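Below is one structure, written out as structure tokens, with a few remarks after it.
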Amino acid sequence: MAKGFVIRKLLTTLTLAFSLSLSSYTIACELSPGYKLSEGISWGELCDFNEGLASAQKDGKYGFIDKQANVIAPFSYDFTADFSEGLAIIEKNGHQGYINKKNQVIIPIMYDDVRPFSENKAAVEHDGQWGVINNTGELTVPYQFDEIRYFSEGLAPVRKDQMWGYIDSNGKTVIPFNYLNADSFRDGLAVVAKASGYGMINKDNKIIIPMEYDMPIFTGNYYIDTFEFVKGNNFHYFDSEGNLLAVSDYLDTIPKVIRVRQISTQ
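For the sequence shown, this note's numbering gives the first residue as 54, with consecutive numbering after it.
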């Protein structure tokens, strides 16, 4: 599997399912004061310290370093992605697996594609089908899906026959395959899409925000209980109950009713 292809797939998955939801992901590779990278070492494409380690590269190979620039996992992999729940994705010879922080291969390098661990589970692809493993590598959901994203709040978006729905940790379908796209749940809500557009549902598959918007923009990182959707030239702001809070033109400043919901950073 070509490295560029893997990078694109991981960028889509490590953060959010939709492109604009990458706003919550920040590039933050910064060493502790007084330390610098050794000669020949540079940051990896997915550059972020996670669980104290960050992906780095040297001579075209990837490994991990800590904030004091110590090499924790040597530069021996074709690709690496950030640690999550103590395990990191690594790639060799077109296949992927997982290592721990001691650079021990915990889950064999045998998969066509994998997702980061979340809630002690990870989606993996083998021979064109996706299933779920636990953190010991045991297959807990058989290979039967076309794609699986990451688990959040007990559910994962899955694709089958070109449509998306949600399964629980046992592989049981909890929300039917009725959507053209689906994001992972956060705070009991998830963005989904139909032909009519994007909206939001809750875990009971109840529509909270109608599926009529061009794209979602998540402002939950900056504003309390606030979600933003684009429709035409306007931004529509909702709370988690689906109440419309404000509408503004893309040239307007953020409405006051939204600004007062800004999360304090002090």
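The beta carbon of each residue, even a glycine, is placed where N, CA and C say it ideally should be.
What you are looking at is a predicted structure, and each value in this text was computed from that prediction instead of being measured.
Ranked by Cα distance from Glu138, the first of Gln149, Glu172, Asn156 is Glu172. The three-state reading of DSSP puts Val300 in strand, counting E and B together. Each residue's CA atom was taken as its position, placing Lys155 and Ala126 some 7 Å apart. Boundaries of the alpha helix (DSSP H) harbouring Val310: 309-312, taken from the DSSP string. Under the three-state reduction of DSSP, Pro263 is assigned to strand. Pairing Leu140 with Asn123 gives a Cβ-Cβ distance that is not under 8 Å.
Remark: C-beta atoms of Leu192 and Gly184 approach each other more closely than 8 Å. The count of Cβ pairs closer than 8 Å, one atom from the segment 194-203 and one from the segment 217-226, reaches three, so the stretches are in contact.
By the neighbour-count criterion, in which a residue is buried when 16 or more other Cβ atoms sit within 10 angstroms of its Cβ, Asp101 is buried. The beta carbon of Ile277 sits closer than 7 Å to those of Arg314, Ile316, all from its chain and outside the five residues before and after it, given in chain order. In the three-state reduction of the DSSP assignment, Phe170 falls in the coil class.
Looking only at Asn231, Gly207, Asp112, Tyr232, the smallest Cα-Cα distance to Ile220 is reached by Gly207. Beta-bridge partners assigned by DSSP to Ala141: Phe136, Ile152. Leaving aside the five residues that flank Ile228 on each side, the residues in its chain whose CB is nearer than 7 Å to its CB run, in chain order, Gly218, Tyr219, Asn258.
With fewer than 16 other Cβ atoms from the protein chains shown falling within 10 Å of its own Cβ, Glu83 counts as exposed.
DSSP places Asn231 in the strand class (E or B) of the three-state scheme. Put simply, the backbone Cα of Ala209 is about 22 Å away from that of Met163. Note on Ala248: under 16 other CB atoms within 10 angstroms of its CB, so exposed under the neighbour-count rule.
Rounded to whole angstroms, the gap between the alpha carbons of Ile254 and Asp165 is 31 Å.
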